[in-house]
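Structure, as structure tokens:
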Amino acid sequence: MSDKDLSWDNQTLVFQETQDQLKEPSMYKVLIINDDFTPMDFVIEVLVRFFRMGEEQATQVMLHVHTRGKGLCGIFTHEIAETKMLLVNQYAKDSTHPLLCVMESI
242 MSDKDLSWDN QTLVFQETQD QLKEPSMYKV LIINDDFTPM DFVIEVLVRF FRMGEEQATQ
302 VMLHVHTRGK GLCGIFTHEI AETKMLLVNQ YAKDSTHPLL CVMESI
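What follows is the structure in structure tokens.
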């Protein structure tokens, strides 16, 4: 039952209140890893298309990836992070670019 359990105690019906313990979902960072072959314009396109960034923010993230080796695309629940990572990796593969997107738990 949802938040009340029924039990019998010596011929008496007893209602016992229970609280469902809900915890916050685990969050994951989605990162793009730098490589020497993927064009900068393609990285910007990926950030705009899959992470809904504006051109300016996508350019800043791309430059961060280029200079520091990896960059944060966003923080999401496990299912969303995994989906975005898989979509980006498949899109890069279909476009014959070695761009790699990964996820890390926070």
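According to the working numbering, the stretch in the sequence shown is residues 242 to 347, in order.
Heads up, the beta-carbon is just placed ideally off N, CA and C, and yes, glycines get one too.
Kindly list the residues whose CB is nearer than 6 Å to the CB of residue i, restricted to its own chain and excluding five residues on each side of it in sequence; keep chain order.
i: F283; result: H338
i: K311; result: L272 and I274
i: V302; result: L288 and G312
Residue i and residue j: beta carbons closer than 9 Å?
i: L328; j: K270; result: no
i: I274; j: L288; result: no
Excluding sequence positions up to five away, which residues of its chain have a Cβ less than 7 Å from the Cβ of residue i?
i: S346; result: S267 and Y269
i: F291; result: K325, L328 and V329
i: T300; result: I285
Looking at the unbroken beta strand (DSSP E) that takes in residue i, where does it start and where does it end?
i: M344; result: L341 to S346
i: L263; result: No beta strand (DSSP E) contains L263, which DSSP labels as neither H nor E.
i: T318; result: K311 to T318
Rounded to the nearest angstrom, what separates residue i and residue j at their Cα positions?
i: M242; j: G295; result: Because M242 carries a pLDDT of 47, less than 50, the predicted location of this residue cannot be relied on, and the following value inherits that uncertainty. Their backbone Cα atoms lie some 47 Å apart in a straight line.
i: I316; j: A322; result: 7 Å
i: Y332; j: L263; result: 35 Å
i: T279; j: H307; result: 10 Å
i: E265; j: E320; result: 14 Å
With a threshold of 8 Å on Cβ separation, who are the neighbours of residue i within its own chain once the five nearest residues in sequence on each side are excluded?
i: D277; result: none
i: N330; result: L340, L341 and C342
Starting from residue i, follow the alpha helix (DSSP H) in both directions and report where the run begins and ends.
i: F283; result: M281 to F292
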